[in-house]
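Chains as they are written, first to last, in our numbering: chain F, 21 to 531; chain U, 1038 to 1072.
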């Protein structure tokens, strides 16, 4: 039977833009500056660069290979690379990314809301009176918003609705067209605001935190753990998103240079965002202590309270504030689009038409996002559980390539790449399980150390117990559904169908 | 802004920009056009 023509990115630049948009998210703006300033500035940047080379780029290459060769979403790709028995691994990866998607739309909604309010002049109060009380203008704004379910659910719905519309239109007509505009606008705003921050008197104190290396920090294991965590979360390596975008790549699309561009661009945008955030904070905060407090206030405290208050005191706040939140919204929505596409592509592999799949994903994303829209505790819990779960997805990706044959994978990547990756790829893929054990062990240790009495309790937001319970439920489900998933996901070019039996992966080398 | 800070800004921003620029150049030279 003739297969319908598969959708495709219009060219190499299109897939690069989409992949960079996927990687650059809100974390580049609200996580990277805080972590870089805290863990050694320039020394941290060196550690991140090493983490890119050892963890992020090899994993992005694995994902690219799996998606472009199997021409299937995560579930099908894992079946065809690891064998039918391990189809569950793709299901686990999808579940983890869905777990993130269900609260990420809420976060994207916050960004859209703050942009809308800033653009209509709602974030430029009379600061002399607003900051006079015990609670600041930013705090009042945040409390009023987060405790208003109509607004939190409403903006969550807006993010889902917009994304459904984009994904509904398909790869070329929807994602490509929107992401191109989003990325250019995002980069222009961040570079502009970063340049403005550098020119502010007093910004040098913040920039010193970011750029001047404190080499002694490299002797601390924590710096390396933070750097690898940053590289793992920020670049999208192990999320399965690159795997899905690669499904729509042209035949024999380049892999290694494209993956490098994604990883290095992600950190470069992080550096510009950190220049913007740290430069502005230290220039505008009345004292360095207040700037430090802002950095210690977490994602929400820094972005939606301190930055709101501090930008309001700047000359030109009427334009800087909306531009900042527009950048945040563009970053958030473009990453959300990638997660939404992951869910849609996987559904399409089970026989759904794109438009039906997009609408279904939209309905499910809206429904499952409501708890996070109503409770920030629930959102924090989901962020914790599925954020750390991404490390497991990264490990599963490396294991898939190890099972497939790391030298074979390296040869296939080399065959379609502009630069040869040689032994480095094989070495790093073999090292990833070890890196995973160290990183994962550290996160578990941290959870137990910080919650000595409640680490086992699944009802506590940041406990080990809650992670194990939720991962356990997903694992049992995907293991139970393994056969169903393997049978029902459609066949791709790597799949061979045995007579009288279900499909299996092709075994070119007789293995 | 002191000389040390300017040096490190140039080092990191310049280094990463060069890396991205060089890779993009390779990408655009080898197949950046439409299929």
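From the three backbone atoms N, C-alpha and C, an ideal C-beta is built for every residue, glycine too.
Chain-order list of residues whose beta-carbon lies under 7 Å from that of residue i (same chain, five-residue window excluded)
{"i": "residue 189 of chain F", "result": "none"}
{"i": "residue 334 of chain F", "result": "304, 340"}
{"i": "residue 68 of chain F", "result": "247, 250, 251, 287"}
{"i": "residue 280 of chain F", "result": "77"}
{"i": "residue 106 of chain F", "result": "98"}
{"i": "residue 498 of chain F", "result": "108, 111, 112, 115"}
{"i": "residue 231 of chain F", "result": "61, 62"}
Partner residues on chain U for residue i, Cβ-Cβ distance less than 9 Å
{"i": "residue 120 of chain F", "result": "Near residue 120 of chain F there are no residues of chain U at all, since even the closest Cβ is about 26 Å away, more than 9 Å."}
{"i": "residue 62 of chain F", "result": "1045, 1048, 1049"}
{"i": "residue 77 of chain F", "result": "Here the premise fails: no neighbours, minimum Cβ distance about 11 Å."}
Pair within 9 Å by beta-carbon distance, residue i and residue j
{"i": "residue 38 of chain F", "j": "residue 356 of chain F", "result": "no"}
{"i": "residue 293 of chain F", "j": "residue 49 of chain F", "result": "yes"}
{"i": "residue 295 of chain F", "j": "residue 347 of chain F", "result": "no"}
{"i": "residue 452 of chain F", "j": "residue 85 of chain F", "result": "no"}
{"i": "residue 323 of chain F", "j": "residue 404 of chain F", "result": "no"}
{"i": "residue 66 of chain F", "j": "residue 95 of chain F", "result": "no"}
{"i": "residue 378 of chain F", "j": "residue 187 of chain F", "result": "yes"}
{"i": "residue 111 of chain F", "j": "residue 505 of chain F", "result": "yes"}
{"i": "residue 82 of chain F", "j": "residue 417 of chain F", "result": "yes"}
{"i": "residue 52 of chain F", "j": "residue 275 of chain F", "result": "no"}
{"i": "residue 118 of chain F", "j": "residue 255 of chain F", "result": "no"}
{"i": "residue 283 of chain F", "j": "residue 317 of chain F", "result": "no"}
{"i": "residue 44 of chain F", "j": "residue 285 of chain F", "result": "yes"}
{"i": "residue 354 of chain F", "j": "residue 206 of chain F", "result": "yes"}
{"i": "residue 227 of chain F", "j": "residue 1042 of chain U", "result": "yes"}
{"i": "residue 410 of chain F", "j": "residue 235 of chain F", "result": "no"}
{"i": "residue 327 of chain F", "j": "residue 166 of chain F", "result": "no"}
Same chain only: Cβ atoms within 6 Å of residue i, ignoring 5 sequence neighbours per side
{"i": "residue 120 of chain F", "result": "406"}
{"i": "residue 508 of chain F", "result": "370"}
{"i": "residue 1046 of chain U", "result": "none"}
{"i": "residue 382 of chain F", "result": "180, 184"}
{"i": "residue 471 of chain F", "result": "483"}
{"i": "residue 88 of chain F", "result": "266, 269, 273"}
{"i": "residue 151 of chain F", "result": "Its pLDDT being 49, under 50, residue 151 of chain F is placed unreliably by the model, and the measurement read from it follows with that caveat. Answer for residue 151 of chain F: no residue qualifies."}
{"i": "residue 311 of chain F", "result": "301, 302, 305"}
{"i": "residue 54 of chain F", "result": "315"}
{"i": "residue 319 of chain F", "result": "50"}
Residues that residue i contacts on chain U, provided the C-beta gap is smaller than 8 Å
{"i": "residue 73 of chain F", "result": "By Cβ distance, chain U contributes nothing, its closest Cβ being about 11 Å from residue 73 of chain F, past 8 Å."}
{"i": "residue 232 of chain F", "result": "1041, 1042, 1045"}
{"i": "residue 65 of chain F", "result": "1049"}
{"i": "residue 197 of chain F", "result": "The premise fails here: residue 197 of chain F is roughly 15 Å from chain U at the closest Cβ pair, so nothing lies under 8 Å."}
Whole-angstrom C-beta distance between residue j and residue i, which should lie under 8 Å
{"i": "residue 393 of chain F", "j": "residue 172 of chain F", "result": "4 Å"}
{"i": "residue 476 of chain F", "j": "residue 483 of chain F", "result": "7 Å"}
{"i": "residue 40 of chain F", "j": "residue 212 of chain F", "result": "About 18 Å; that fails the 8 Å criterion."}
{"i": "residue 345 of chain F", "j": "residue 123 of chain F", "result": "With a Cβ gap of about 19 Å, residue 345 of chain F and residue 123 of chain F do not count as contacting."}
{"i": "residue 63 of chain F", "j": "residue 243 of chain F", "result": "7 Å"}
{"i": "residue 225 of chain F", "j": "residue 308 of chain F", "result": "6 Å"}
Within chain U, the residues that residue i reaches when beta carbons sit closer than 7 Å
{"i": "residue 438 of chain F", "result": "1063, 1067"}
{"i": "residue 285 of chain F", "result": "1057"}
{"i": "residue 278 of chain F", "result": "1064"}
{"i": "residue 281 of chain F", "result": "1057, 1060, 1061, 1064"}
{"i": "residue 36 of chain F", "result": "1064"}
{"i": "residue 288 of chain F", "result": "1053, 1054, 1057"}
{"i": "residue 49 of chain F", "result": "The contacting residues do not exist; residue 49 of chain F stays about 17 Å from chain U at best."}
{"i": "residue 291 of chain F", "result": "1049, 1050, 1053"}
Own chain partners of residue i with C-beta closer than 8 Å, once the 5 adjacent residues on each side are dropped
{"i": "residue 149 of chain F", "result": "Bear in mind that a pLDDT of 47 at residue 149 of chain F, under 50, signals an unreliable position, so the number given afterwards is only what the model happens to contain. So the list is empty, once near-sequence residues are dropped."}
{"i": "residue 245 of chain F", "result": "458, 459, 462"}
{"i": "residue 390 of chain F", "result": "173, 176"}
{"i": "residue 419 of chain F", "result": "102, 109, 453"}
{"i": "residue 32 of chain F", "result": "270, 273, 274, 278"}
{"i": "residue 28 of chain F", "result": "191, 192, 268, 269, 270"}
{"i": "residue 438 of chain F", "result": "274, 276, 277"}
Identify every run of the beta strand (DSSP E) within the region 169 to 224 of chain F, keeping only runs that are complete inside it and at least 3 residues long; order them along the chain. Those beta strand (DSSP E) runs which fall completely within the region 169 to 224 of chain F and span 3+ residues do not exist here.
As an exercise, report each continuous alpha helix (DSSP H) stretch of at least 4 residues that is fully enclosed by the region 40 to 78 of chain F, in chain order. Unbroken alpha helix (DSSP H) runs of no fewer than 4 residues, entirely contained in the region 40 to 78 of chain F, are found at 46 to 50, 52 to 58, 62 to 71, following chain order.
Could I get the ranges of all uninterrupted alpha helix (DSSP H) runs contained in the region 350 to 435 of chain F, with 4 residues as the minimum, in chain order? Secondary structure within the region 350 to 435 of chain F: the alpha helix (DSSP H) runs of 4 or more consecutive residues, fully enclosed, are 374 to 394, 396 to 424, 426 to 435 (chain order).
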